[in-house]
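Following: one structure in structure tokens, then a few remarks.
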Amino acid sequence: GRARIPTAHFGAARGSPPAAPREWRGHANALGIAGWHDFRCRTAADVAAVRAEIQAGGALFVVNHPKVVGPPWEWGGEAMADARKWIREAGRIVEPTRQEIENASLMFIAMRDMLAEHGAVAVTMNCLGMRLMDVGMAYPCLGFVRLNNMGLGGVCEADIKSTMTHLIFSKLVGVPGFVTDPVFDLSNSTIIHAHCVAATQMEGPASKPAKYHIRSHLEDGRGVSLMVKMPVNRKLSMARLIGTDIMLFST
Numbered sequence: 014g015r016a017r018i019p020t021a022h023f024g025a026a027r028g029s030p031p032a033a034p035r036e037w038r039g040h041a042n043a044l045g046i047a048g049w050h051d052f053r054c055r056t057a058a059d060v061a062a063v064r065a066e067i068q069a070g071g072a073l074f075v076v077n078h079p080k081v082v083g084p085p086w087e088w089g090g091e092a093m094a095d096a097r098k099w100i101r102e103a104g105r106i107v108e109p110t111r112q113e114i115e116n117a118s119l120m121f122i123a124m125r126d127m128l129a130e131h132g133a134v135a136v137t138m139n140c141l142g143m144r145l146m147d148v149g150m151a152y153p154c155l156g157f158v159r160l161n162n163m164g165l166g167g168v169c170e171a172d173i174k175s176t177m178t179h180l181i182f183s184k185l186v187g188v189p190g191f192v193t194d195p196v197f198d199l200s201n202s203t204i205i206h207a208h209c210v211a212a213t214q215m216e217g218p219a220s221k222p223a224k225y226h227i228r229s230h231l232e233d234g235r236g237v238s239l240m241v242k243m244p245v246n247r248k249l250s251m252a253r254l255i256g257t258d259i260m261l262f263s264t
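Each number in our numbering comes from the position in the sequence shown (counting from 1) with 13 added on.
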């Protein structure tokens, strides 16, 4: 037979009855609850308390219909707070929608929690090959920026050698880095370092973040990434692990 899961439907409104009109700010379901929970939420603190109570009992708190297809959910959560921070501190938002930025922040929370759960310090994935956007997920670019700023490792393209290089070199010099595809411009003797991810705190976790624009992914014009305004007149080091015992680097 089909298993039956006890559910509750939570609505959340803002306003002071009976005179003030109510402003609906979203609703959610609780799946697998064992008892009654007070659903009469009027503040963000009310919603957070109910969510914590439900989750503490082993049930699942599920936000219903996102902004594109129904009334918005505007009571926050860690991913939404992270998205608001990206939006607030951006110089410009060019292509991505707010929903895409929220999805990217959700990806960051998931990666961060996964690292903590496994006691790991770095993650790399086949960002484009996994077709994340085609299954309603997000690229990890924003999450990789956060992780790199924290002194951890977020590395593109399931590149194990670059991940090891990133970890070793970051620990040696004490500041974040990012993976690049270097291009040599022989006309003016320069090297262009560019990729879809760059830390915004290249001078260390305590440094002032660089300014940035929120853009789509460089290669397919989808998802969310950053165009970071790097500091100028700084020394730049690049490195590459060869095998398991040789590190090539230059400054």
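Cβ coordinates follow ideal geometry from the N, Cα and C atoms, glycine included.
- Apart from the 5 residues on each side of it in sequence, aspartate 194 sits with its Cβ closer than 7 Å to the Cβ of Ala207, His208 in its chain, given in chain order.
- Taking C-beta atoms as the reference points, alanine 117 and valine 75 fail to come closer than 8 Å.
- Three or more Cβ pairs closer than 8 Å define a contact, and the region 101-120 falls short of that threshold against the region 130-139.
- For alanine 94, the enclosing alpha helix (DSSP H) covers residues 91-102.
- The beta-carbon separation of methionine 93 and glutamate 115, rounded to 6 Å, stays under the 8 Å limit for a contact.
- Taking C-beta separations shorter than 6 Å and ignoring five residues to either side along the sequence, the partners of methionine 177 in its chain run Leu254, following chain order.
- According to DSSP, tyrosine 225 shares a beta bridge with Val241.
- Under the three-state reduction of DSSP, phenylalanine 191 is assigned to coil, being neither helix nor strand.
- Given a length threshold of 3 residues, each whole run of the beta strand (DSSP E) inside the region 170-216 is given here in chain order: 196-198, 203-205.
- With fewer than 16 neighbouring CB atoms inside 10 Å of its own CB, phenylalanine 197 falls in the exposed class.
- Around the beta carbon of isoleucine 181, fewer than 16 other beta carbons lie within 10 angstroms, which makes this residue exposed.
- Under DSSP, serine 118 forms no beta bridge with any residue.
- Assignment of asparagine 42 by DSSP, reduced to helix, strand and coil, places it in the strand class.
- In terms of CA proximity to arginine 159, Asp95 leads the group Thr203, Arg53, Asp95, Leu141.
- Selection Ala211, Ala252, Ala129, Gly156 evaluated against lysine 98 yields Gly156 as nearest (Cα-Cα).
- Valine 210 and phenylalanine 191 have their C-alpha atoms spaced approximately 7 Å apart.
- Beyond the five residues adjoining it in sequence on each side, glycine 167 comes within less than 8 Å, by CB distance, of Met124, Ala135, Val136, Thr137, Pro153, Gly156, Phe157, Val158, Arg159, Leu160, Asn161, Val210 in the same chain, given in chain order.
- Within its own chain, the residues whose Cβ lies closer than 7 Å to the Cβ of glutamate 66, once the five positions on either side in sequence are excluded, are His50, listed in chain order.
- Your pair serine 229 and valine 237 checks out as a contact, with CB atoms roughly 7 Å apart and the cut at 8 Å.
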